[in-house]
Amino acid sequence: MHELALHILDMVQNCLDAGASEVVLEIVEDQADDVLLIRVSDNGRGMTAEQVAQVRSPFYTSRTTRRVGLGVPLIDMTTAQCGGHLKIESRPGKGTVMEACYRLSHIDRPPLGDMAGTLKTLLIGSQDVDFTYRHTVDGRQFALSSRELQEALAGVPFYDPEVWEWLSGYLRENFCRLYGGATE
Amino acid sequence: MKSLEDLKKLREKLQAGNAVRQGGSTQIIVGMGTCGIAAGAREALNAIMDEIAKRKLRDVVVRQTGCIGMCEKEPLVDVVREGEARITYGHVTPEVARKIVAEHVVNDRIVDENVVAKLTD
Ligand SMILES: Nc1ncnc2c1ncn2[C@@H]1O[C@H](COP(=O)(O)OP(=O)(O)OP(=O)(O)O)[C@@H](O)[C@H]1O
Ligand SMILES: [Mg+2]
Chain A
25 MHELALHILD MVQNCLDAGA SEVVLEIVED QADDVLLIRV SDNGRGMTAE QVAQVRSPFY
85 TSRTTRRVGL GVPLIDMTTA QCGGHLKIES RPGKGTVMEA CYRLSHIDRP PLGDMAGTLK
145 TLLIGSQDVD FTYRHTVDGR QFALSSRELQ EALAGVPFYD PEVWEWLSGY LRENFCRLYG
205 GATE
Chain B
101 MKSLEDLKKL REKLQAGNAV RQGGSTQIIV GMGTCGIAAG AREALNAIMD EIAKRKLRDV
161 VVRQTGCIGM CEKEPLVDVV REGEARITYG HVTPEVARKI VAEHVVNDRI VDENVVAKLT
221 D
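Same order as they appear, the protein sequences are chains A and B.
Mind the numbering: the first sequence is residues 25 to 208 in the numbering used here, read in order.
Mind the numbering: the second sequence is residues 101 to 221 in the numbering used here, read in order.
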C-alpha cells in the first residue's frame, strides 16, 4: 500500500472489528518537528499484553477467514523504514491506542494520499460509531465529528445522494484550506 | 465555506420534499479488510457512491463488511435484493463499480463478467 491514508483506513477498520463505539483519529504533520504522526484510539475490546506483543507478526490474527493478519505488520514495517515507530497500548475491555510515527522528510515515507476518500469510506462504515477526526498541518487544523454530522442529519444517512455530494464538497474545501490553498 | 448549518438546511429540504428514503430495496456491501483495502476497496466504494449520487438513487443502502476469505478476488462487492440471489462481484475496479450500479441496480442486468458467487437462500 503506497498511501498512508490506506493504512489509516485499515487501522480504523480494526477498531470497528474490535466492536468500538468511539474512535478518535488524529493526524499531525509538522515540518518544524519533521514528523508525521497518526494516532488511532478506540474503546473496543482491547488486547492483553501478550496479544500486543504478538500483533506485529503476520501470524497473529483473530480472523477466522484467513490465517494471517496483514494490517498491523505492514504499518510496523513502513514506520520502521521511515525512521519512525509504531506504538501500541491496549487494555482488555478498555480499548486500544495505536500510534504510527514517521519522519516527515524521510525519502521512503509514503505520501499521506487521499485522506478525503478514506474519510468518506469511514463515514459510510461508521454509521453507528462516534468517530472524531482531528488533522493538524503546521498549526492549521481541520476537525470533524460524525456525531455532529449525524445530529445535523437527524436520521438521513451519509449514503443519501445529496448528503454524499455535500460531504464530498465539504471535505474538498476543508482539505484545501488545511494545506493552505485557496477556498472556493 | 460550507458549514454544518448548511447540512442541516439540506436535510430539512430533503425531508420537506419527502426525498428521504423509506428503507432500501437494494443493499450494496463492500468488503473492507486489509486485503480489500490493498486491492482498491476504498476506490470501489467511493465510485459506487459517486454513481448513486449522480443518478440520485434513494432506495440503495450501502454498507461495509470485513474480509470474507476470497482475498485473491478483492475488491469484493455484494448486491442483495429481496427475492433475488445474492450476487458477489470480484475484482471490482471503479469502472466495474459504476457498471454494477448502472446495470445491476438500475437496469436489473447482472454484470456477468465479474460475478464470483451466487447465493440463493
Ligand atoms: N484496535 C484494535 N483493537 C483490538 N484488537 C486489535 C486492534 N487492532 C488489531 N487488533 C488485533 O490484532 C489482530 C491483527 O490485526 P491486523 O490488522 O494485522 O490483521 P486482521 O485485522 O486480523 O486482518 P486484516 O489482514 O484483514 O487486517 C486482529 O485480528 C485483532 O485481534
Ligand atoms: Mg486489520
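Virtual Cβ for every residue (Gly too), placed ideally from N, Cα, C.
Close-in-space but distant-in-sequence residues of the same chain around residue i (CB under 6 Å, 5 per side omitted)
i             : result
residue 44/A  : 66, 67 and 68
residue 140/A : 195 and 199
residue 162/B : 128
residue 197/B : 144, 147 and 148
residue 171/B : 135
residue 129/A : 58
DSSP bridge partner residues for residue i (one or two, in chain order)
i             : result
residue 167/A : 158/A
residue 203/A : Answer is none; residue 203/A lacks a bridge partner.
residue 189/B : 177/B and 215/B
Buried or exposed by the 16-neighbour rule on C-beta atoms within 10 Å, applied to residue i
i             : result
residue 11/A  : Outside the displayed range of chain A (25 to 208) lies residue 11/A, so it cannot be described from this structure.
residue 185/A : buried
residue 117/A : exposed
residue 31/A  : buried
residue 37/A  : buried
residue 208/A : In this prediction, residue 208/A scores a pLDDT of 47, lower than 50, which makes its location untrustworthy; the coordinate-derived value is nonetheless stated afterwards. Flag for residue 208/A reads exposed.
residue 150/B : buried
residue 164/B : buried
residue 190/A : buried
residue 142/B : buried
residue 101/B : exposed
Chain A contact residues for residue i, given Cβ-Cβ distances below 9 Å
i             : result
residue 161/B : 181 and 183
residue 176/B : The premise fails here: residue 176/B is roughly 11 Å from chain A at the closest Cβ pair, so nothing lies under 9 Å.
Beta-carbon contacts of residue i that lie in its chain and below 7 Å, excluding the five residues immediately before and after
i             : result
residue 100/A : 80 and 110
residue 183/B : none
residue 206/B : 155
residue 136/B : 167, 174, 175 and 176
residue 209/A : Examination of residue 209/A is not possible in this model, given that chain A is present from 25 through 208 alone.
Boundaries of the alpha helix (DSSP H) in which residue i is found, first to last residue
i             : result
residue 112/A : Taken as a continuous stretch (DSSP letters only), residue 112/A belongs to no alpha helix (DSSP H), being part of the beta strand (DSSP E) at 109 to 115.
residue 97/A  : 95 to 105
residue 36/A  : 28 to 41
Chain-ordered chain A contacts of residue i [CB-CB under 8 Å]
i             : result
residue 207/B : Under the 8 Å cutoff, chain A gives no residues; its nearest Cβ is about 18 Å from residue 207/B.
residue 152/B : 183, 185 and 188
residue 173/B : What residue 173/B touches in chain A: nothing, since even the nearest Cβ is about 13 Å away.
Endpoints, the beta strand (DSSP E) within which residue i is located
i             : result
residue 129/B : 126 to 131
residue 49/A  : 46 to 54
residue 160/B : 160 to 165
residue 123/A : 119 to 127
residue 217/B : 215 to 219
residue 81/A  : Segment: none, residue 81/A is in no beta strand (DSSP E) and carries neither H nor E.
residue 60/A  : 59 to 66
residue 178/B : 177 to 181
Proximal residues of chain A, C-beta to C-beta of residue i below 7 Å
i             : result
residue 111/B : 176, 177, 178 and 180
Listed by chain order, chain B residues near residue i by CB distance under 7 Å
i             : result
residue 142/A : 142
residue 145/A : 142, 145 and 146
residue 172/A : 104
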